[in-house]
Structure formats: structure tokens, C-alpha cells
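So the structure is just underneath, and the comments pick up after that.
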Amino acid sequence: MNAPQPVIDVRGLTKIFGDKTVVKGLDMRVNQGEIFGFLGPNGSGKTTFIRMLCGLLKPDAGSGTCLGFDIASQNDRIKPHIGYMTQRFSHYEDLTVRENLLFIGRIYGVPDLDRAVAACIERMSLGRYEHQLAGSLSGGWKQRLALSACTLHSPRLLLLDEPTAGVDPGARRDFWDEVHKLAATGVTALITTHYMDEAERCHRLAYIAYGDLLADGTAEELIAQAQLLTYAVSGPGLSPLGERLKELPGVDQVAVFGTNLHVSGRDGEALERSLAPFMAEPLTFRRIPTTLEEVFINLMQQGRKA
Amino acid sequence: MNASGVFSWRRFKAVVAKEFVQMRRDRLTFAMLVVMPLMQLVLFGYAINSDPRHLPTAVLSADNSIFSRSVTAAMRNSEYFDILRVVTTRAEAEDLLRTGTAQFVLTIPEDFGTKILRGEKPVLLLEADATDPSATSNAVGAFKEAVRRALDRDLAGAFGNLASSDMAVDLRIHAEYNPEAITQYNIVPGLMGTILTLTLVMITALAITRETERGTMENLLSTPVSPLEVMIGKILPYILVGYIQMTLIMLATRFLFNVPMHGSLVLIYSLSVLFIAANLTIGVTFSTLARNQLQALQMSIFFFMPSMLLTGFMFPFRGMPAWAQVVGSILPLTHYLRLVRGILLKGDGLEQSLTHVWPMALIWLAAVVLGTIFFRRTLD
Ligand SMILES: Nc1ncnc2c1ncn2[C@@H]1O[C@H](COP(=O)(O)OP(=O)(O)OP(=O)(O)O)[C@@H](O)[C@H]1O
Ligand SMILES: [Mg+2]
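Line order of the protein sequences matches chains A and B. For the first sequence, numbering that gives the first Met the number 0 assigns the number 0 to the initial residue and increments by one for each residue that follows. For the second sequence, numbering that gives the first Met the number 0 assigns the number 0 to the initial residue and increments by one for each residue that follows.
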């Protein structure tokens, strides 16, 4: 890959449902071969944004290109090269796994379909369920079927809406390995997720809250931008302690992590002033690097205030 | 893989194959599609009577006496007959009757007036297209009464001496095509069209809304598949269902109701494809408009009502007010009823049938165009 080419390049994308603006003037640029994580609280407009990209919804304002084609007028040119995995299972429950894959393959005109489907089933370990009706699969296996279906036609852009929701850790790891392999061959992926470990596996991230794009960059950039100071507290009685700390000035968020309490705030001095009275036996306070999770929760709180 | 566009044979085949598998899996619906027509056939297989007026009538007259004029005037006054035209040859009259332009042909013989005056009892012949006996029976009754009155009055006035209790003419009535005037002969072939209308419109009306409700539409719309491929692909498997229903009804018609079948079965089978396709496409068009399956169902029933009432199935077409006839003529069933009755009861051939075929083709085409226009390409 030489100079990075934008695969998604949109400006001011807006969607209004009734009197509610669900996506507000969103700008986004995703380069070829990038794995782009798209995060945000429930109902923030992620699914809506993806639907606008692949022509399922008409933007009320804004414009842009997807794979070099105009998203408003050249949908027909875009669709053959996209693999869209919907958030809600959207394959035929009254068809078997294999029949679903064959249908999708025929629609996209996958060459040598029988072999492609067999390979896909093998790769996703779907063999055991090949002849089972999709409707009778467990949630995780439905996800895997949907994933297989959206990669079957070797799309150039993957739009994956919570692809790993309800998938076990092993399968999630397999999935991410697969996505990275594809990305290495030049496939671009836009992935929404609520898992922090998955966010960390993306090349770049965007955070959207209630329609507004609040942050955009690599994980390190986002952490640096947030300028959060975080302390880990350990010792007895963490739960009531957390409740008390929350009320104090400078403390933006408190969360329990196993036997630790993470306390963070944007205003470092105020935070340290508030924590000082508690820094005594039996409690131990440690400054730790801020994680993405704290950054996102912080962004979400800001979004809510805005 | 760059074969995009309005229609791709490959994608179309994919949709058809998928629909066939889904249809096969949906056993209950399939069973209902087969059992329902038979039940309706038995339930509806009885006469529904009615009293249409202003039936088109042709007069074949070789007489210009006062009597022939008062006979036609009396017929007109009875309101049952509209004298369309006066023809001069037998061939013309027969043609009008066969094509259905005229429901009746009245033949007034030569020297009708003179013969009456001489007391020779001339024959006054009324031929009726009795394919639909409910349409003609009342008119025939009114005819006898009207002629008797008219002649009595004329004779009592000017020629008092000839007035008698006896009829001055010999009235003959020929019911063509269904001489015994058995209503079931008419109803049962009509039922075939009605049942096909109901089941076929309904089955496809549900087809696309079902995809929307189950969420599969979101996936389908993100693929390169085109509206036309989806629409026609969904219709094709159900054409087969339509034919299965048709066969069942035809068998019942023949063996349960003993309706005679004159025409060619090959003809009726091959021409029915248009009617079946038209109904299925109308159903698909409904489902592109409806937001959910309930709405789609309501629309089909909304469509079924006029199909029952305004097509000549329940009430004779010509007995309906003009506006209703206009509405009726844009419903495929109207033309199909004429086609089926024509073939089964009159033994119509291809040539006579074509007059009923092209309106169905037109309706089908219109439905395809509308469906493609209304098909929602987005989830908005
Ligand atoms: N078709 C629609 N009509 C009206 N409102 C809608 C429609 N689709 C989505 N919304 C609203 O738009 C907002 C954003 O929804 P969206 O599904 O895009 O959120 P999301 O970020 O994908 O959330 P989640 O993480 O829960 O999947 C929500 O408030 C939702 O209620
Ligand atoms: Mg979503």
C-alpha cells in the first residue's frame, strides 16, 4: 500500500427521525486497510450511521464517498463491494446455514460458489451446523453465520455492527485474527463494539455520543487527549468508599475493577486534593495509566452534559 | 461481479431458489393454500340471485309494423332491455351474442304485423346468453309480460275485433350456452377466479412485509439485488401454487358439481398464467406499500371485496351502475370470469378468448410497474 486512500470519506452526515437528530453532522475518514473502531453508548447513532453508508437510509444532510462512489447517487456501485453485518440477525431462519450462504453467494455472484461456501464453513467451524436451520442456532453461532455471510464475497469494505456481541472469547479472538488478516490484504473494516479490549485492537477509533462525534484517533491519542489522571485504590471497604469519593470535587468517575477501585478526573490537582485525606492505612493509592474505558466513560459523561 | 443493473438472471434465480425452499418449509401455509380453495368452493357453491336491468339487446327485424315497434318499446319500458341496435342479418346477430356484446337477440319475422292481423300467430324469438342465468331469468319473465301487454293494448285499441284472451304471437325463448339455466354452472367457474384472487393476492402481500418484519430486509437491501428481481422472484413459486389450486377447483367443478366443460383445458390452463401472475403481482405491490403484515392482510381483503362484488361474480356485471363497471373493468377477475365462462361453458377458442386476455396482461404490467416504483429501496 502506498499513499493511504480514503475508503470512507463523509462530511456533515446527518440523519433526523421525526424531530430527533440522531446523527449530527458527522465527518469521518477511514483509509484503506484500516480497522476502524466505532464506539458510543446505546442509541448514539452508530447503526444509523452505518446504514447511511451502505444506502439503507438516506442522509438528511451531508455527503461523501464510500469506496470512491457517491453515497447518495451511486449506491448500486457500492453495494457489490460491501459486506454488511447487521446488528440484529438478518438471515433467513427457515433456511439452513448452507442454504443461507449459497443464497448470499449467488446474489453477489461468487465464483466457484460450492467451494467458496465449503471453505467458509470450514474456516468458521460451522461444519457441525451446516444443515441446521439458521433459526435453531444459538445466538453466538448465528453471529458466526452472519459473519461468514458478509465475508463470503470478498468485499473491499466490511461494515460490522457489533459482530461479536454474544460471542465466546475463543471465537472473538478468531474473529479479530481474521479481521487483521483481511486488513493486511487491503480490506477496510468499520466495526462497532462495546468491548474495550476490541477497541484496543483497532487501528483507529471514533467515539460518538447522542449523534455527536466526540473523539477520533488512535487509542493512544484518545487517551492523551482525555488528559485524565487515574488512581487505583486497594484495601478493605472499597464499595462504600467509592460512594463517598464520587461526591468529591475533581472526581469524575469511580469504578470497581476486581479488588481495585479506579478513580479518575480531568482536573488532576482537584482530584489529588480530594483524595489526600484518604491516603492512609489500610488503603493504598497508586497512580496508573488511564485506560480506554475511563476515557470513554468520561466522554459519555461529557456527551450527556452537552 | 460488476453485473449490477435492473435485472440479473443470476440474482433472480437465487431469489427463486430461496423462495422455493422457504415455501416448502412452510408446511402449514402450504396446506392452507390447498385446503382453503376446496372449503370455499363447497361453501360458496350455491346460487346468488339478483335482478339486473338494462341488458344490451339486439333486434333482428324484417318488419316495420306498428306491432314490432310497440314490442320493442314495451321491452325498453320494462327497463330490463336496452335496445343496442337493429341488425339485418342473422350472422350479425349471432356474432353479437357470441362476443357478449348483446345479452339478448330478439328476432321479429317478416310480415310480423300482417300475420298478427291475420291471426296467424307469428313466432317472436328471444335468444338469451344464459351463461349467467341469474342475469337473464328476470328479464325473460319481464319480456313475456311486456309483449303480452303491448300487443293487447294495440289490438284492443285499433283492432278491437282481434283482441282475445289468447296471445297473438308465439313467444319462443332460447337460452343459449346453458339451456337449463343452472346457476352453479356459472357460479362454480366464477369461484375459481374468486378463490385464486383471494389466496394469491394474500400470499404475496405477506411476502415482502414478512422480510421487513423479520429483519431480513435489512440484509437483502444491502446486497446488489434489485426490486424487480425480488418481486418476480417471489412470484414465480406461487404461480405453481396457483396452478395446484386451479387443478383442485377444476376437478371439484367437474366431479362435485358436474359442471360440463366444453372448451379446451389446455387453453384455460395456458391463459390462466396471466391471471395468476396479475394477482400475485398486485399482492406484491400491496406488500411494498404496507408497513407490516397486518396492513398487508387488510389491503388484500380490501381488494378482495370489490373483486367479489364488482366483477360479475356475485352480481351480473351489466346490472351494475356505470361507475361500478368502470371499477370492475380494472380488476383482473372481471376479465378472468369472462374468459373462464367463455371457455368452459361456451367452448370459446383462442380467438374469442383473446379479448379477455389483453386486459389482464395490461393489469399485470401496471402492477409490475407500480410495485417496482413503490418498492422501498431504503429502510426510511
Ligand atoms: N427507524 C427509526 N425511526 C426512528 N428512530 C430511530 C430509527 N432507527 C433508530 N432510531 C433512533 O435513533 C437513535 C440511534 O439509534 P442507533 O440504532 O443508530 O443507535 P446505536 O448507536 O446503534 O445503538 P446501540 O449501541 O444500542 O446499537 C436511537 O435513539 C433510536 O431510537
Ligand atoms: Mg446499533
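Ideal Cβ placement from N, Cα and C applies to all residues, glycine included. Computed from a predicted model, the values in this text were never measured in an experiment.
Using a Cβ-Cβ cut-off of 7 Å, A:R50 is close to L378 of chain B, given in chain order. Scanning B:I202, B:L330, B:N218, B:H53 for the CA closest to the CA of B:V139 turns up B:H53.
Within the same chain, and ignoring the five residues on either side of B:Y335 in sequence, the residues whose Cβ sits closer than 6 Å to its Cβ are G192, F274. Between the stretch 211 to 219 of chain A and the stretch 230 to 243 of chain A, the count of Cβ pairs shorter than 8 Å is below three; the stretches do not touch. Counting the other Cβ atoms within 10 Å of the Cβ of B:T113 gives fewer than 16, which makes it exposed. Interface flag for A:Y194 against chain B is unset, since no Cβ pair is found closer than 8 Å. The residues T203, A204, A206, I207, M230, K233, I234, A366, G370, in chain order, have a CB closer than 8 Å to that of B:V283 in the same chain once the five nearest residues on each side in sequence are set aside.
Relative to ligand 1, the beta carbon of A:Q142 is positioned no closer than 7 Å to any heavy atom. According to the DSSP assignment, B:K233 belongs to the alpha helix (DSSP H) that extends over 226 to 254. Chain order gives the chain A residues near B:S221 as C53, L55, K78, I81, Y83, where near means a beta carbon separation below 7 Å. Residue contact check for A:L12 against chain B: no CB pair falls below 8 Å. By the Cβ criterion, the stretch 77 to 92 of chain A is in contact with the stretch 154 to 163 of chain A, since at least three pairs of Cβ atoms, one from each stretch, lie closer than 8 Å. The shortest C-alpha to C-alpha distance from A:P5 to any of A:S124, A:G134, A:K141, A:V186 is the one to A:V186. At a cut-off of 8 Å, the C-beta of B:N257 has no neighbouring C-beta in chain A. Each of A:F16, A:V21, A:G39, A:N41, A:G42, A:S43, A:G44, A:K45, A:T46, A:T47, A:Q86 has a C-beta closer than 6 Å to some heavy atom of ligand 1; these make up the full list, in chain order.
Flagged as an interface residue toward chain A: B:A13, by a C-beta distance shorter than 8 Å.
With contacts defined by Cβ atoms closer than 8 Å, A:G61 and A:A208 do not form a contacting pair. Of the candidates B:L239, B:L344, B:W357, B:P226, B:L344 places its Cα closest to the Cα of B:T130. For A:E246, the secondary structure class from DSSP, reduced to helix, strand or coil, is coil.
Along the stretch 157 to 183 of chain A, there is no position whose C-beta sits under 7 Å from a C-beta of chain B.
Annotation for B:F301: the continuous alpha helix (DSSP H) segment containing it runs 292 to 308. According to the DSSP assignment, B:S269 belongs to the alpha helix (DSSP H) that extends over 264 to 288. Look at A:D160: its beta carbon is less than 7 Å from one of the heavy atoms in ligand 2. Here B:S60 has S67, V85, I107 as same chain residues with Cβ atoms under 7 Å from its own Cβ, once five neighbours each way along the sequence are excluded.
Going by DSSP, A:F35 is part of the beta strand (DSSP E) stretching over 34 to 38. In this structure, the alpha-carbon of A:L38 lies about 8 Å from that of A:A198.
By the 16-neighbour rule on beta-carbons within 10 angstroms, A:M51 is buried. Sequence-distant partners of A:T191 (beyond 5 residues in either direction) whose C-beta falls short of 6 Å from its own C-beta, in its chain, are F37, K45, D160, E161.
Here B:T88 is exposed, its C-beta having fewer than 16 other C-beta atoms within 10 Å. Close CB contacts of A:P40 within its chain, under the 7 Å cut and outside five residues either way in sequence, are with A208, M299 (chain order). Following the DSSP letters along the chain, one finds A:Y230 in no alpha helix (DSSP H) but inside the beta strand (DSSP E) bounded by residues 228 to 233. B:G241 and B:L195 have their C-alpha atoms some 7 Å from each other.
The count of Cβ pairs closer than 8 Å, one atom from the stretch 106 to 122 of chain A and one from the stretch 63 to 71 of chain A, stays below three, leaving the stretches out of contact. Sixteen is the threshold: when 16 or more other Cβ atoms of the shown chains lie within 10 Å of the Cβ of B:R337, as they do, the residue is buried. Counting the other Cβ atoms within 10 Å of the Cβ of A:P168 gives fewer than 16, which makes it exposed.
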